[in-house]
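Heads up: the protein sequence lines correspond to chains A and B, in order. The working numbering applies: residue 121 is where the first sequence begins, and numbers increase by one. The working numbering applies: residue 85 is where the second sequence begins, and numbers increase by one. All C-beta atoms in this analysis are idealised placements derived from N, C-alpha and C, irrespective of residue type, glycine included.
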Amino acid sequence: MLRGEDEDASELKIGEDFLKAKCLMNSEVAILLEHRYDQMKQMSGDSTPLPQVFEKSLQYVKCFSRFTNQGSVKQVRDRYQLAEFELAVIGNLCPETVEEAKAIVPSLKTKGRGHDDEAVERLLNDLLMIKKFE
Amino acid sequence: MFLKVELPWNVVIPPANLVAKGLMLKKSISLRLLKGFAANKATKDHGYFLAITTVESIGEGKVRRSGDVVYPVVFSCITFKLFRGEIIEGVVHHVLRNGVLMNCGPVENIFLYKDLMPDYRYVPGENPIFLNEKTGSKIVKDVLVRCVVLGTKWLEEEREFRGLVSLEGDYLGPVS
Chain A
121 MLRGEDEDAS
131 ELKIGEDFLK
141 AKCLMNSEVA
151 ILLEHRYDQM
161 KQMSGDSTPL
171 PQVFEKSLQY
181 VKCFSRFTNQ
191 GSVKQVRDRY
201 QLAEFELAVI
211 GNLCPETVEE
221 AKAIVPSLKT
231 KGRGHDDEAV
241 ERLLNDLLMI
251 KKFE
Chain B
85 MFLKVELPWN
95 VVIPPANLVA
105 KGLMLKKSIS
115 LRLLKGFAAN
125 KATKDHGYFL
135 AITTVESIGE
145 GKVRRSGDVV
155 YPVVFSCITF
165 KLFRGEIIEG
175 VVHHVLRNGV
185 LMNCGPVENI
195 FLYKDLMPDY
205 RYVPGENPIF
215 LNEKTGSKIV
225 KDVLVRCVVL
235 GTKWLEEERE
245 FRGLVSLEGD
255 YLGPVS
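Below you can see the structure in the form of structure tokens.
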């Protein structure tokens, strides 16, 4: 586990455990939590209060969800060689230009990763198409 | 960032529950796991615990001297953790003289210090705001703000994280 001082998401230093863990976009979490919410309501009815952490997170992801079609987002995930973390940040914030994408995901700029501007532009266009046709 | 992680857990079943028929065992283990999970709001290493997605495996139970049986369980769940350097979007819930407080997901207290809001000035009043004189943009309650995480702090007693963020960087600030 990385100590606090070594951790830096802008350089993709987020600890081995988390690089292996699957990063979820707000939209994916929204689907999972809504499903869980329905299950919990069915099991215990309206009487049991939901844990606050759950409620706040559900509110947040519903508000910040950008995509509704998870299938197509998964396709974009497979087509480009991005770390899970990078793709999740892009999926959450939906940058419109290549400059914006590089500003919010600084690790894209790291040399030797083979992500030239054209590749990033194609990725952003793909995501934009997905949003348009949802 | 929301993450899906696989975690190990030891579920303890007291002898009273073991009297039930064998088929009910898996259900008792699941229920206990859910209760334990919900009670454990967050940990320093993994962040906030949101929901269990699947139970991957239930190992062989070991009987303790007290008569309880401990089952090692591996399950997948959704967690939330803020990483230093990550760009997040939060919602302002309080405007103070020296900065604003935001929440992002389950984290309720993320502080944006006024000196880290370039070009924004505090405007006092009944509904205080932070105003950017150059662009006219306002940071006020319920505004969505995109910022970069400078650091986080784990508070053991309250079992929660506090965050410190900044607007210093390209493409950061209120989001329309």
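- For a Cβ distance threshold of 8 Å, residue set Y180 of chain A lies close to B:C188, ordered along the chain.
- Taking 8 Å as the upper bound for CB-CB distance, B:L196 and B:V249 are in contact here, some 5 Å apart.
- Taking 8 Å as the threshold, the shortest C-beta distance from B:R148 to chain A does not fall below it.
- Between A:R186 and chain B, the shortest Cβ-Cβ separation is not below 8 Å.
- Using a Cβ distance threshold of 8 Å, B:S160 and B:E144 do not count as a contacting pair.
- Taking a Cβ-Cβ cut-off of 9 Å, the neighbours of B:K125 in chain A comprise P171, Q172, V173, given in sequence order.
- The bridge partners DSSP lists for B:S250 are B:V232.
- B:H178 has B:L185 as its beta-bridge partners, per DSSP.
- Three or more Cβ pairs drawn from the region 236 to 256 of chain B and the region 193 to 213 of chain B lie within less than 8 Å of each other, which places the two stretches in contact.
- Residue environment: A:G191 is assigned as exposed (fewer than 16 neighbouring CB atoms within 10 Å of its CB, all protein chains considered).
- By the 16-neighbour rule on beta-carbons within 10 angstroms, B:M85 is buried.
- In the DSSP assignment, B:Y132 falls within the beta strand (DSSP E) that extends over 131 to 142.
- Taking 8 Å as the cut-off, the Cβ atoms of B:H130 and B:K165 count as close.
- With three or more CB-CB distances shorter than 8 Å, the region 229 to 241 of chain B counts as touching the region 167 to 180 of chain B.
- Taking 8 Å as the cut-off, the beta carbon of A:E206 is found closer than this to the beta carbon of A:S227.
- Below 8 Å, too few C-beta pairs join the region 234 to 254 of chain A and the region 118 to 134 of chain B to call them touching: fewer than three.
- For B:D226, not one C-beta of chain A is nearer than 8 Å to its own C-beta.
- In chain order, D203 place their CB closer than 8 Å to the CB of B:T219, counting only its own chain and leaving out the 5 sequence neighbours on each side.
- Residue B:V154 holds the alpha-carbon nearest to the alpha-carbon of B:K110 among B:E244, B:V154, B:E240, B:L91.
- Where B:E241 is concerned, there is no enclosing alpha helix (DSSP H), because DSSP gives it neither an H nor an E.
- Judged by their CB atoms, B:V191 and B:K225 are not nearer to each other than the 8 Å cut-off.
- Straight-line measurement puts the Cα of A:K176 at about 14 Å from the Cα of B:V176.
- Close to B:R230, with beta-carbon spacing below 9 Å, are these residues of chain A in chain order: L213, I224.
- Closer than 8 Å to the CB of B:L200 there is not a single CB belonging to chain A.
- Only those residues of the region 201 to 212 of chain A whose C-beta falls short of 8 Å from the nearest C-beta of chain B are listed: F205, A208, V209, N212.
- The C-alpha of B:I162 is placed about 8 Å away from the C-alpha of A:V149.
- At least one CB of chain A lies nearer than 8 Å to the CB of B:D254.
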